[in-house]
Amino acid sequence: MRSLPLLISIAGCWTSSQPGDPPQGNAAALEVAIASVRLGDDCPGGIADGKLSQDRVSDSAGITQRRSFRAEICEQSLLQVSLRSTTGAKTPIAVTKIELFDAAGVSIGALDVRTATRWTNDGSYAKWDQVVGPGEVVAASYALTAPDWGLVPGGRDPSKKIRVRVTFTIGAGERVFEKEATVAAFSDPNVMTWIPRRPSHIIDPSARSATHAP
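Position in the sequence shown (from 1) plus 1205 gives the number in our numbering.
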């Protein structure tokens, strides 16, 4: 599994998201900041990965050969969060609601969390039980379902402004944060680029030396 690095450092995350309301219950025991939200696809396994496939074909006479390259890129929808415990006890946390809004504040959909992982000391993400230990600092990543782009006005447009509202349950309390999302550009895996390849038995005139020029 290829992991995705947390692009924004924890130290700079505490002012990167806007809290929608003050902490309730024991939610104050955990400082929460949304580092980033990326809206794109819902990839198999929750991995954002790029693959390059190569195919070779020839015509019926076996003379003309072509090579095709197809980039298969899946941009996983992600929520990246920085968490810091301010208590001496373990604190459970869960994402209970993710809502999407356009620039005018109109609701344009909702997402679900598929998997929760945390950044580890060995430089990769690992599955996470969503519990923050006493005094612990956690960089967490949530793989999300993809927006229904057919219902989003303007579709999957990277220049589009989409506001994400995330509701966290922290212990017995609840907190709501908002963050502007980044929309990943769409890459069509069915688009193939064909590159003609000259048969080996035909000499390229441009490759002849000057001594053979007429």
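Note that beta-carbon positions come from the ideal geometry of N, C-alpha and C, so glycine has one too.
My output table needs one value for Trp-1324: the three-state DSSP class, helix, strand or coil. Along the sequence shown, one-based indexing puts residue 1324 at 119. Note: Trp-1324 maps to strand in three-state DSSP.
What first and last residue would you give for the beta strand (DSSP E) that runs through Ile-1313? For this step, residue 1313 is matched to residue 108 along the sequence shown. It spans 1312 to 1316 - the beta strand (DSSP E) in which Ile-1313 sits, taken as one unbroken run.
Go ahead and label Thr-1322 buried or exposed: buried means 16 or more other beta carbons lie within 10 angstroms of its beta carbon, across all protein chains shown. Stepping through the sequence shown from its first residue, residue 1322 is reached at position 117. Its Cβ being crowded by 16 or more others within 10 Å, Thr-1322 is buried.
Three-state class that DSSP yields for Ala-1309 in the structure shown: In the sequence shown, the residue the question calls residue 1309 occupies position 104. Three-state result, Ala-1309: coil.
Could you tell me the distance, in whole angstroms, from the CA atom of Val-1369 to the CA atom of Asp-1327? Counting from one through the sequence shown, the residue named residue 1369 turns up at place 164. Counting from one through the sequence shown, the residue named residue 1327 turns up at place 122. Spanning the two alpha carbons is a distance of roughly 31 Å.
Going by beta carbon distance, what residues of the same chain come within less than 6 Å of Glu-1280, once the five residues before and after it are set aside? Working through the sequence shown from its first residue, we reach residue 1280 at position 75. Taken in chain order, the residues that qualify are Gly-1245, Asp-1246, Ala-1253, Ala-1389.
Please state the DSSP three-state secondary structure of Thr-1269. One-based indexing of the sequence shown puts residue 1269 at position 64. Note that Thr-1269 scores 47 on pLDDT, short of 50, meaning its location in the model is unreliable; the coordinates nonetheless yield the value given after this. DSSP places Thr-1269 in coil when its eight states are reduced to three.
Inter-stretch contact (C-beta, 8 Å, three-pair minimum) for the region 1327 to 1346 and the region 1304 to 1319: These segments do not touch.
Rounded to a whole number of angstroms, what is the C-alpha to C-alpha distance between Ala-1234 and Ala-1348? The residue given as residue 1234 occupies position 29 in the sequence shown. The residue given as residue 1348 occupies position 143 in the sequence shown. Computed Cα separation, rounded: 25 Å.
Could you give the distance in angstroms between the alpha-carbon of Ala-1357 and the alpha-carbon of Phe-1373? Translated into the one-based positions of the sequence shown, residue 1357 becomes position 152. Translated into the one-based positions of the sequence shown, residue 1373 becomes position 168. According to the sequence shown, residue 1357 is Val rather than Ala. Answer to the nearest angstrom: the Cα atoms are 24 Å apart.
Is it the case that the Cβ atoms of Ile-1303 and Val-1371 are separated by a distance below 8 Å? The count along the sequence shown starts at 1 and reaches residue 1303 at position 98. The count along the sequence shown starts at 1 and reaches residue 1371 at position 166. A contact, by the Cβ cut-off of 8 Å.
In the DSSP output, which residue or residues are listed as bridge partners for Asp-1246? Your numbering for residue 1246 matches position 41 in the sequence shown. DSSP lists Gln-1281 as partners of Asp-1246.
With 16 as the cutoff for other CB atoms within 10 Å, does Pro-1339 come out buried or exposed? The count along the sequence shown starts at 1 and reaches residue 1339 at position 134. The residue in question, Pro-1339, is exposed, as its Cβ has fewer than 16 Cβ neighbours within 10 Å.
Give the secondary structure of Gly-1355 by DSSP, where H, G and I count as helix, E and B as strand, and everything else as coil. In the sequence shown, residue 1355 corresponds to position 150, counting from 1. Three-state DSSP puts Gly-1355 in a helix.
Spatially closest choice to Gly-1314 from Ser-1346, Asp-1353, Pro-1297, by CA coordinates: One-based indexing of the sequence shown puts residue 1314 at position 109. The shortest C-alpha separation from Gly-1314 is found at Asp-1353.
Buried or exposed by the 16-neighbour rule on C-beta atoms within 10 Å, applied to Lys-1384: Locating residue 1384 in the sequence shown gives position 179, counting from the first residue. It is buried - the Cβ of Lys-1384 has at least 16 other Cβ atoms within 10 Å.
Extent of the continuous beta strand (DSSP E) run through Thr-1374: Start at 1 with the first residue of the sequence shown, and residue 1374 comes out as number 169. From DSSP, the beta strand (DSSP E) with Thr-1374 extends over 1368 to 1375.
Gly-1240 in three-state terms, based on DSSP: Mapped onto the sequence shown, residue 1240 falls at position 35. Going by the sequence as given, residue 1240 is Ala instead of Gly. DSSP places Ala-1240 in strand when its eight states are reduced to three.
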